[in-house]
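Protein chains in written order, with UniProt numbering: chain A, 1 to 411; chain B, 1 to 212.
Just so it is clear, CB atoms sit at the ideal spot from N, CA and C, and this is done for glycine as well.
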Amino acid sequence: MGLRPALRRSGAATVYLAVGLRTALPATLFSAVVPLVAVLAVLFIALPWLPDLIKPVRALARIERRRAREALGREIPEPYEPPRGTAVEQTVRLLGASSTWRDLLWLTLHGWTGLIMAVLAVGMWPSIPASLSLPLWWWAAPEGSQSAFIVLDGWTKALTLPFLQAALYAAILFWLVPRFARWQAMLAGFLLRPTRRSALTERVELLSTTRAEAIEAHGAELRRIERDLHDGTQAQLVAVALRLGLADRRFDADPDAARALFLQARDGVEDALTQLRTVIRGIYPPILSDRGLDGAVRALAAGLPIPVHLDLPGEGRVPAAVEAAAYFVVAEALTNIARHSGASRAEVSLQRAATCLRVRVRDDGEGGADPDRGSGLAGIRRRVAALDGTTRIDSPAGGGTTLEVELPCAS
Amino acid sequence: MRIVIAEDNVLLREGLVLLLTTGGHEVAAVAGSGPDVLPALLEHRPDVAVLDVRLPPGFRDEGLRAAIAARKEIPGLPVLVLSQYVEETYAAELLAGGAEGIGYLLKDRVGRVEEFLDALHRVAGGGTALDPEVVSQLMTTRHDPLQALTPREREVLALMAQGLDNATIATTLVITERSVSKHIGAVFAKLGLPHTDSGHRRVLAVLAYLNS
Chain A
1 MGLRPALRRS GAATVYLAVG LRTALPATLF SAVVPLVAVL AVLFIALPWL
51 PDLIKPVRAL ARIERRRARE ALGREIPEPY EPPRGTAVEQ TVRLLGASST
101 WRDLLWLTLH GWTGLIMAVL AVGMWPSIPA SLSLPLWWWA APEGSQSAFI
151 VLDGWTKALT LPFLQAALYA AILFWLVPRF ARWQAMLAGF LLRPTRRSAL
201 TERVELLSTT RAEAIEAHGA ELRRIERDLH DGTQAQLVAV ALRLGLADRR
251 FDADPDAARA LFLQARDGVE DALTQLRTVI RGIYPPILSD RGLDGAVRAL
301 AAGLPIPVHL DLPGEGRVPA AVEAAAYFVV AEALTNIARH SGASRAEVSL
351 QRAATCLRVR VRDDGEGGAD PDRGSGLAGI RRRVAALDGT TRIDSPAGGG
401 TTLEVELPCA S
Chain B
1 MRIVIAEDNV LLREGLVLLL TTGGHEVAAV AGSGPDVLPA LLEHRPDVAV
51 LDVRLPPGFR DEGLRAAIAA RKEIPGLPVL VLSQYVEETY AAELLAGGAE
101 GIGYLLKDRV GRVEEFLDAL HRVAGGGTAL DPEVVSQLMT TRHDPLQALT
151 PREREVLALM AQGLDNATIA TTLVITERSV SKHIGAVFAK LGLPHTDSGH
201 RRVLAVLAYL NS
């Protein structure tokens with residue numbers, strides 16, 4: 001490594017460590033208080049205050065997490081659960097949470113190491129020129145003055161030792177200081193992130209909630225389909241059978257009346273067929289099984305009065321329920337665009353990631369779409385939620401609308 | 001007329017055969033699955049083919065593909081496609097090779113025997129028969145260029161797009177044939193289309209315009 005990048009690296013590391021004082025200084029103070037709090041906690045005095053006492057610790061950890069994220073180049077998620085229950089329950093939860101103990105461990109370690117490393121890093125910079133210039137002015141220093149524990153009392157020492165010192169300082173500055181900065185970031189990255197166990201617990205909790213919602217939404221969908229078939233199509237066909245039966249009885253006595261009933265029956269059958277088509281489309285649009293998701297989306301785009309740019313992956317199929325939902329989302333979104341947006345062009349993109357299908361529909365229209373008002377957007381939300389997916393709508397007034405949907409599916 | 005039928009549902013197939021033979025037509029062959037369709041058509045060279053879109057083994061769009069392939073092999077072969085649902089895309093694919101002798105109807109329409117046979121004759125004669133649902137799909141999605149039309153002109157255009165001639169349009173709308181041709185003239189003028197009097201060319205022109 002050349003001198004210039006090495007200097008820059010050490011400089012950046014020094015800045016990092018110096019800024020680290022912002023958390024390290026309060027951390028040392030806090031870690032001095034921690035034993036006191038612990039003793040009080042044992043005596044059950046501080047227990048109700050624990051949720052409040054932990055707040056500044058978490059605030060420090062939050063600052064450190066942000067710093068470390070930039071240094072490490074990766075996100076460090078927060079391991080905290082949202083507070084729930086009474087003060088006592090919160091305290092118990094806090095005492096049981098591994099994040100609390102890991103925060104305190106970090107506080108102690110970071111406090112004193114951060115202090116030492118920052119002082120060392122900052123101190124090295126003036127130390128090197130000071131050492132190098134020592135031969136020029138050592139004689140002026142008062143008798144018995146020391147430089148790095150060595151008394152300079154003759155020209156021989158004055159012309160050798162300062163250079164050795166400077167070399168040592170330079171080694172610390174170039175070799176050790178960048179490592180210090182890295183260690184500090186890694187300490188935060190290791191102790192302040194959720195443990196595997198807590199991350200899993202959180203995920204399981206999230207999944208249980210969304211699964212319950214998904215099952216509920218799916219149930220509502222099933223009931224809707226059942227109602228459509230039972231009250232609509234089935235009733236219609238019964239009426240048809242009834243008319244045919246009546247026509248049969250009247251056929252000999254009054255052929256004209258019988259014929260009228262036949263015609264009514266035929267109308268009834270046609271109505272029933274139309275209803276059936278609607279129901280079938282709601283469950284699984286036939287074009288999907290004919291042409292797959294890509295072909296079906298292409299057909300949707302072709303029906304729009306404005307140009308639609310398509311970005312489709314082209315191969316591989318996803319589960320039928322996911323396909324149907326994705327199709328529904330695109331169909332609804334494009335209908336909205338055609339009806340309300342005033343857009344001059346639209347864009348549909350489908351992306352298959354490892355664990356989900358991502359659907360994005362964008363337009364350059366007026367924006368200002370309100371997901372709580374439009375029934376179309378509400379329908380999209382419901383349908384996506386039934387599969388435990390997520391919906392995101394970004395629609396600033398005048399800035400076009402972007403709809404993003406993620407549907408989970410293993411590939 | 002000699003007719004080849006491709007339909008996998010036995011009841012519906014027998015029903016179609018019955019309906020056509022009692023109408024005085026000859027059913028030259030019936031195919032029950034996708035791969036049988038093209039050989040049957042090539043062997044019998046019927047006056048018109050009646051094809052279901054979904055056929056075994058894949059139950060996807062075998063019938064449609066067979067129809068398009070058959071018209072490549074036998075140019076101008078009249079084909080009437082029947083389907084449980086209508087899809088604008090399929091209509092566009094069918095018509096891409098020319099609108100002469102093309103029909104695309106919902107299976108429901110078979111129940112109205114007279115209208116169905118009428119559409120079949122029109123297709124066999126080189127005309128066009130598009131399901132009103134296809135037409136309404138086209139009309140609703142392509143509403144922008146049609147905004148200049150009056151409601152009556154729109155009605156006339158819809159019937160025209162289905163492949164009906166002026167006389168039929170006149171009886172359907174209970175107006176005179178002269179006012180029908182006046183409306184058509186207005187429609188063509190407003191849409192900027194050159195006037196022709198051949199039925200399928202009118203459909204083709206209208207569709208081409210709507211799809212542009």
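Would you mind telling me which residues of chain B sit closer than 9 Å to residue i, beta carbon to beta carbon, in chain order?
i, result
"R266(A)", "G111 and R112"
"L242(A)", "Simply none; closest approach about 18 Å."
Taking the beta strand (DSSP E) that residue i belongs to, which residues open and close that run?
i, result
"V4(B)", "R2 to A6"
"V30(B)", "E26 to A31"
"H309(A)", "V308 to D311"
"A302(A)", "Looking at the DSSP string, A302(A) is not in any beta strand (DSSP E); the run it does join, the alpha helix (DSSP H), is P286 to A302."
"L350(A)", "A346 to R352"
Candidates the options: which alpha carbon is nearest residue i's?
i, options, result
"V187(B)", "A40(B), R152(B) and N9(B)", "R152(B)"
"T355(A)", "L407(A), L159(A), A397(A) and A386(A)", "L407(A)"
"W285(A)", "A272(A), F262(A) and L300(A)", "The question names Trp, but residue 285(A) in the sequence shown is Pro. Of the listed residues, the one whose Cα sits closest to P285(A) is L300(A)."
"K72(B)", "N166(B), I169(B) and L41(B)", "L41(B)"
"V37(B)", "G24(B), L51(B), V27(B) and H25(B)", "L51(B)"
"Y327(A)", "E216(A), A343(A) and L288(A)", "L288(A)"
"P307(A)", "I337(A), V329(A) and I280(A)", "I337(A)"
"L187(A)", "L29(A), P255(A), L50(A) and G114(A)", "G114(A)"
"Q275(A)", "G232(A), L246(A), F262(A) and V15(A)", "G232(A)"
"A148(B)", "L138(B), A189(B), V134(B) and F116(B)", "A189(B)"
"L106(B)", "E88(B), P78(B), D118(B) and D131(B)", "D131(B)"
"A161(B)", "R178(B), E133(B) and T176(B)", "E133(B)"
"L19(B)", "A158(B), R109(B) and A167(B)", "R109(B)"
"G127(B)", "D165(B), T172(B) and P57(B)", "D165(B)"
"residue 490(A)", "G292(A), I393(A) and A6(A)", "Only positions 1 to 411 of chain A appear in this structure, which leaves residue 490(A) out of reach."
"Q84(B)", "I3(B), E115(B), L159(B) and R54(B)", "R54(B)"
"W125(A)", "A171(A), G73(A), G282(A) and F251(A)", "A171(A)"
"G376(A)", "I225(A), R339(A) and S131(A)", "R339(A)"
"A129(B)", "E7(B), H44(B), T176(B) and L207(B)", "L207(B)"
What residues from chain A crowd round residue i, counting only those whose CB sits closer than 8 Å?
i, result
"R60(B)", "S289, D290 and R291"
Starting from residue i, find everything on chain A with Cβ-Cβ shorter than 7 Å and list it in chain order.
i, result
"T89(B)", "A299 and A302"
"Y85(B)", "R277 and P286"
"D108(B)", "E270 and L273"
Mind checking who residue i pairs with in its DSSP beta bridge?
i, result
"D52(B)", "L82(B)"
"Y104(B)", "V81(B) and L130(B)"
"T390(A)", "E406(A)"
"D363(A)", "A346(A) and T401(A)"
"L357(A)", "R352(A) and L407(A)"
Interface residues of chain B around residue i at Cβ under 7 Å?
i, result
"V269(A)", "G111"
So, under 8 Å CB-CB, residue i and residue j are touching, yes? Tell me the CB distance rounded to an integer number of Å.
i, j, result
"R352(A)", "P313(A)", "5 Å"
"A333(A)", "L403(A)", "5 Å"
"A59(A)", "W106(A)", "Incorrect: roughly 13 Å between the Cβ atoms, too far for contact."
"A27(A)", "H110(A)", "5 Å"
"residue 432(A)", "A239(A)", "Residue 432(A) lies beyond the stretch modelled for chain A, which goes from 1 to 411, so this question has no answer here."
Hey, quick one: how far does the alpha helix (DSSP H) through residue i stretch, first residue to last?
i, result
"R249(A)", "A235 to R250"
"E87(B)", "From DSSP, E87(B) is part of no alpha helix (DSSP H); its letter is neither H nor E."
"A185(A)", "V177 to L191"
"R77(A)", "The question names Arg, yet the displayed sequence has Pro at residue 77(A). Taken as a continuous stretch (DSSP letters only), P77(A) belongs to no alpha helix (DSSP H), as it is neither H nor E."
"W112(A)", "S98 to L132"
"H169(B)", "In the sequence under discussion, the amino acid at residue 169(B) is Ile, which differs from the His named in the question. Element bounds for I169(B): N166 to L173."
"D271(A)", "P255 to I283"
"I215(A)", "R196 to R227"
"R339(A)", "R339(A) -> no alpha helix (DSSP H), and no H or E assigned at all."
"D36(B)", "G34 to H44"
"D118(B)", "V113 to A124"
"S395(A)", "Careful: S395(A) lies outside any alpha helix (DSSP H) and carries neither H nor E."
"V110(B)", "Taken as a continuous stretch (DSSP letters only), V110(B) belongs to no alpha helix (DSSP H), as it is neither H nor E."
"G11(A)", "L3 to V42"
"A158(B)", "P151 to Q162"
"L20(B)", "V10 to T22"
"R65(B)", "E62 to E73"
"G232(A)", "That residue, G232(A), is in no alpha helix (DSSP H); it is neither H nor E in DSSP."
"V187(B)", "E177 to L191"
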